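Residue numbers (my numbering): 240 to 334.
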């Protein structure tokens with residue numbers, strides 16, 4: 240299944256793990272791991288209320304990459320864009 244691939248996505252959260260350090264399978268050049276989604280207290284910046292503590296669903300995302308192939312700035316930019324898309328996701332179906 241990995242023949243000819245360059246990037247792997249793994250879901251370590253499916254077995255309950257919150258965070259992990261994914262190891263690249265050669266000849267892959269990068270691997271993205273998603274942890275379990277858990278409720279956590281976080282600080283929310285509100286323009287009218289100021290800083291408030293709220294409960295939010297949070298997930299850790301880990302990205303390992305081969306620095307000989309991928310520049311660190313490019314990897315960080317990719318991860319920031321990925322997180323931005325997840326944070327801005329709006330479900331199309333009512334819950």
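We put the beta carbon where it would ideally sit given N, CA and C, even for glycine.
Just so we're clear, the structure is a prediction, and the values are computed from it rather than from any experiment.
Per-residue DSSP class, three states only, for residue i
i: residue 307; result: coil
i: residue 329; result: coil
i: residue 297; result: strand
i: residue 274; result: coil
i: residue 288; result: coil
i: residue 282; result: strand
Residue i classed as buried or exposed, judged by whether at least 16 other C-beta atoms fall within 10 angstroms
i: residue 312; result: exposed
i: residue 255; result: exposed
i: residue 287; result: exposed
i: residue 331; result: exposed
CB-CB length for residue i against residue j, believed under 8 Å
i: residue 259; j: residue 270; result: Contact flag wrong, Cβ pair sits at about 10 Å.
i: residue 300; j: residue 322; result: 7 Å
i: residue 276; j: residue 306; result: About 29 Å; that fails the 8 Å criterion.
Residue i - containing beta strand (DSSP E), residue span
i: residue 260; result: Unbroken run through residue 260: none, as it is neither H nor E.
i: residue 249; result: 246–250
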